[in-house]
Structure formats: structure tokens, C-alpha cells
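So the structure is just underneath, and the comments pick up after that.
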Amino acid sequence: MGLPHNSLLKANWTLIRLFIAQADRLSFIPFSKVYLLIFFNMSKIALKTNLQIGIVPTHIKFVGGLVPDENGKMPRGQDGKMLISTELEQINQTSRIAPNCAQTAVFPGTDEDDMNELIEDIKSLGLKPHMIMMVAGGNPMDPADEDKIVPSLVAGLEVAKKHGVEHVASTSFEEWMKPGAATLTGSAFEDAVAQLVKLHTRVCHEVDILNSSVKAWHMEFLRGTEFQTFTDISKAWTFVKAANAAIGKPFFKVLVDAAHCGDSILSMEENVAVIQEMGKADGFSMFHASAKTTRGCLSTDDGWIGNLLTACAATGKLEIVLVELFHHEDAALAGLREADPRHGIDTTDGRTYSETVCDGLEEIAHRLNNLVNRSILPR
């Protein structure tokens with residue numbers, strides 16, 4: 000009996016993935032997942048460039064998946080393993096492209112032992128750990144809240160230093176989903192930028208982060224509704240330029256998130272122009288492949304991921320690409336669904352979220368490989 004035809008494999012890819020994921024638990028299977036992969040002749044995707052590719056596991060939900068409990072303990076499954084670790088392992092096993100990194104959230108107050116375990120779990124999977132530091136309890140743009148914000152950023156950077164993390168990120172521009180927040184313009188915006196520079200450079204000096212493993216701090220702007228002021232790539236770049244001028248090197252970078260770019264008031268061409276400007280000044284190196292508005296399946300991105308990924312690649316400064324999906328029923332994002340019902344659409348089209356993420360990884364891998372084939376990315 001011959002091996003299954005490639006078209007048949009594609010048609011039954013979901014079934015095969017499930018079969019492999021459960022193989023270790025099935026006593027009647029006399030061979031390992033390695034032999035299953037060989038038997039089914041699943042063509043792995045070999046990345047043709049040396050970029051890092053991975054995921055942000057937000058699809059397992061903040062509530063019940065990513066956020067620690069009141070004691071700082073991370074959510075775990077019945078097997079005792081952290082749900083984040085279990086999901087990253089699942090993606091590793093079933094994706095046709097082997098991820099080599101992952102970006103996970105670090106919340107203030109997370110139990111130290113749990114955080115140590117999580118980082119070590121990520122490393123044990125052969126993934127480079129990248130962190131996105133979550134900030135709560137104040138407005139980074141407000142001088143009165145500076146002392147409230149500093150400790151959480153300091154704590155996150157200390158974790159990064161301890162574990163040799165090279166890339167950290169944060170959304171520490173303003174307070175998330177702040178009721179009644181107004182858009183700052185003119186001199187008020189300039190004052191906000193100055194305060195953000197003061198805050199972030201203070202944190203850098205307190206932690207001595209420039210003399211550590213951390214190579215870059217990526218600043219992520221968010222779409223309107225989530226933020227009111229730092230809602231497009233140009234405004235984020237204004238801060239990053241000022242912060243880098245203050246410390247004398249391009250340590251801060253804009254995190255280019257295709258979803259937030261697509262949901263901003265700037266056109267695709269305007270976003271590309273800023274990306275080109277940032278590339279000339281080492282102003283970015285990380286890209287989130289995420290679909291605008293829905294934040295679900297990458298097929299709902301309306302062309303933003305492909306266009307912006309190509310623009311980023313063409314600068315020669317792209318280093319890290321992360322696929323990011325959000326669960327359409329995450330309780331933590333209920334406010335977003337109320338503000339924009341399009342955020343609550345189920346875009347999985349009959350797949351599990353893990354499968355949808357794997358499909359996204361594979362799509363991005365093909366995009367990157369074809370950027371190499373077109374001589375836009377180097378081999």
C-alpha cells in the first residue's frame with residue numbers, strides 16, 4: 000500500500016494532527032509520533048531565512064489560561080502542567096513549521112517559582128522566550144502615576160535579566176480601556192511623550208537593562224477603543240525616537256502589529272512609509288502577524304499582514320515574526336466585543352484554535368520563504 004497522496008493529506012490534515020497529538024495516550028499505537036510523521040509523509044516546511052518565527056499564545060484566553068490567580072499561581076491542567084506550556088508543546092508537535100520562539104505575557108504579582116518554571120518550559124521546547132510585560136494600576140502618561148507604574152516594569156525586566164531574555168515588549172503607553180479617556184493632541188501629546196520618555200528611561204537605569212541580556216524593548220501601540228492616544232504606528236514612533244535619543248542608542252523599538260496598523264486611521268501606504276522610516280533608524284525588528292478587528296484567523300486580515308510583512312522584510316531589519324490570535328469568547332475581552340461586535344466573531348471555520356494557529360504559522364512560513372524566493376529576504 001502506497002503512502003497517502005499529498006492532496007489527501009491536506010484534506011485530512013485536521014484528523015492527522017489529532018491522531019498524532021493523541022498518539023502518546025493511545026496504548027494500541029505501537030510506534031511513536033516520530034514514526035507517525037514518517038508514515039504519513041507529512042511535508043514539513045523548512046524556513047529558508049534565519050528569522051525567528053513563533054506564536055503569542057493568547058488564543059488560550061487570558062481568563063483561565065494566561066492570567067495568574069489571586070495568589071500569583073499560573074493556570075494548570077489536570078496533569079499539573081501550565082496551560083501555556085501544554086499549548087506551546089501542542090503547537091510544536093502539530094505545526095508543519097517548527098517554531099523557534101514564543102512570546103508570553105508577564106503579569107505583576109506572578110509567583111516567582113511559576114515564572115521560573117514557565118521560562119524553563121519554553122526553553123526546554125527549543126524556543127527562545129520573549130516577554131510582553133503587562134502593566135496595571137495607573138496611566139503611564141500621567142506624572143502622578145509614575146511611581147505606580149515603575150515597579151511592575153522593573154519586576155518584568157528583572158525576570159528578563161534573570162533568564163537571559165533578549166527581547167521584551169510592553170503596551171506601557173497608556174492605560175488600557177480607560178473609561179472617559181480623551182485623545183491627547185498638540186502640547187498635551189508632547190507632554191505625554193516627554194513623560195513616557197522619563198518613565199521608561201528611569202526604569203532602564205534602575206534595572207541597568209542596557210548592560211544585560213536584553214537587546215531591545217518593543218513598544219506596542221493599540222487600536223482605538225483599547226487606547227485613545229497611542230493608536231497608530233506614527234505616534235508610537237514619535238515616542239521611540241525620543242526615547243532612543245535620550246539613551247543614545249536604538250534600544251526601544253516599535254512593535255509592528257498588523258492588526259493595530261489595520262485598525263488605525265492611517266492608510267496602508269502611510270503605515271508602510273513609517274515602517275520604511277523606522278527601518279533606516281533601527282526602529283523596529285518584531286512583527287505580529289495578527290488579523291485586524293477580528294483578531295482571529297489570519298484569513299480575515301484583508302491584506303494587511305502580507306503588505307506590512309513585505310514592507311518590514313524589505314527594510315532588512317525584520318528579526319522576529321509572531322502569529323497572534325485571540326479567542327472570540329475570552330471573558331477578559333468582553334469590553335472589546337461590546338465596543339465592536341466584529342471582535343467577537345468565530346473565525347475558526349470548524350477548526351480548534353490550536354489548528355487555526357498552526358494554519359497561521361504555516362501561512363506565514365510560506366510568505367517568508369517566498370520573500371526569500373523573491374530576493375526580498377536573505378537566505
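When we follow numbering that gives the first Met the number 0, the leftmost residue of the sequence shown carries the number 0, and every step to the right adds one. For each residue, glycine too, the CB sits at the ideal point set by N, CA and C. Values in this document were obtained by computation on a predicted structure and should not be read as measured data.
Below 8 Å on the Cβ atoms is my guess for residue i versus residue j; work out the distance and round it to an integer in Å.
i, j, result
"Gly108", "Gly71", "5 Å"
"Ala288", "Val320", "6 Å"
"Leu156", "Val202", "7 Å"
"Pro67", "Phe106", "6 Å"
"Leu324", "Arg366", "Not quite, the Cβ-Cβ distance comes to about 16 Å (not below 8 Å), so this is no contact."
"Leu308", "Phe283", "Rounded, the Cβ-Cβ distance is 12 Å, inconsistent with contact."
In terms of residue numbering, what span does the beta strand (DSSP E) encompassing residue i cover?
i, result
"Ala280", "Ala280 -> no beta strand (DSSP E), and no H or E assigned at all."
"Ile52", "51 to 55"
"Trp236", "Not the beta strand (DSSP E): Trp236 falls in the alpha helix (DSSP H), residues 232 to 246."
"Ser353", "Looking at the DSSP string, Ser353 is not in any beta strand (DSSP E); the run it does join, the alpha helix (DSSP H), is 352 to 372."
"Val167", "166 to 169"
"Ala288", "285 to 288"
"Lys252", "251 to 253"
"Ala215", "215 to 218"
Can you give me the C-alpha to C-alpha distance between residue i and residue j, rounded to a whole angstrom?
i, j, result
"Gln392", "Ile96", "Given that the chain is displayed from residue 0 to residue 378, the structure contains no residue 392 and the question cannot be resolved."
"His387", "Ile118", "Because the chain spans 0 through 378 in this model, residue 387 falls outside it and cannot be assessed."
"Asp281", "Asp78", "44 Å"
"Thr170", "Phe220", "6 Å"
"Val271", "Ala310", "6 Å"
"Met176", "Asp120", "32 Å"
"Asn138", "Leu152", "13 Å"
"Ile304", "Phe229", "20 Å"
"Gly334", "Pro56", "20 Å"
"Ala258", "Lys252", "17 Å"
"Lys80", "Glu88", "11 Å"
"Lys393", "Leu376", "The structure shown does not extend to residue 393, since the chain is modelled only from 0 through 378, so no value can be given for it."
"Glu276", "Glu69", "44 Å"
"Val273", "Gly315", "15 Å"
"Asn99", "Gly185", "43 Å"
"His199", "Glu111", "23 Å"
"Ala338", "Thr224", "7 Å"
"Phe238", "His217", "12 Å"
"Ile208", "Val158", "11 Å"
"Asp146", "Ser374", "48 Å"
"Val322", "Gly53", "6 Å"
"Ala226", "Thr292", "The sequence shown places Phe at residue 226, not Ala. Near 14 Å, if we compare the C-alpha coordinates of Thr292 and Phe226."
"Ile363", "Thr346", "18 Å"
Report buried or exposed for residue i, applying the criterion of at least 16 other Cβ atoms within 10 angstroms of its Cβ.
i, result
"Pro340", "exposed"
"Leu264", "The sequence shown places Ile at residue 264, rather than the Leu named in the question. Counting Cβ neighbours within 10 Å, Ile264 comes out exposed, since fewer than 16 surround it."
"Asn115", "exposed"
"Ala101", "buried"
"Gly302", "exposed"
"Asp262", "buried"
"Lys60", "buried"
"Lys248", "exposed"
"Arg222", "buried"
"Val33", "Confidence is the limiting factor: at Val33 the pLDDT is only 45, short of 50, which leaves the residue's position unreliable, though a coordinate-based value still follows. With fewer than 16 other Cβ atoms within 10 Å, it is exposed."
"Glu189", "exposed"
"Asn210", "exposed"
"Ser233", "buried"
"His204", "exposed"
Looking at the secondary structure, which residues open and close the alpha helix (DSSP H) in which residue i lies?
i, result
"His259", "257 to 261"
"Ala187", "185 to 206"
Taking only beta-carbon atoms, is residue i less than 8 Å away from chain D?
i, result
"Val322", "In summary, chain D is missing from the structure at hand, where a single protein chain is found."
- Return the chain-ordered ranges of every beta strand (DSSP E) run that is complete within the stretch 85 to 154 and spans a minimum of 3 residues. 100 to 105, 127 to 132
- 4-residue-minimum alpha helix (DSSP H) runs that sit fully inside the stretch 292 to 339, ordered along the chain: Within the stretch 292 to 339, the complete alpha helix (DSSP H) runs of at least 4 residues are 303 to 313, 333 to 338.
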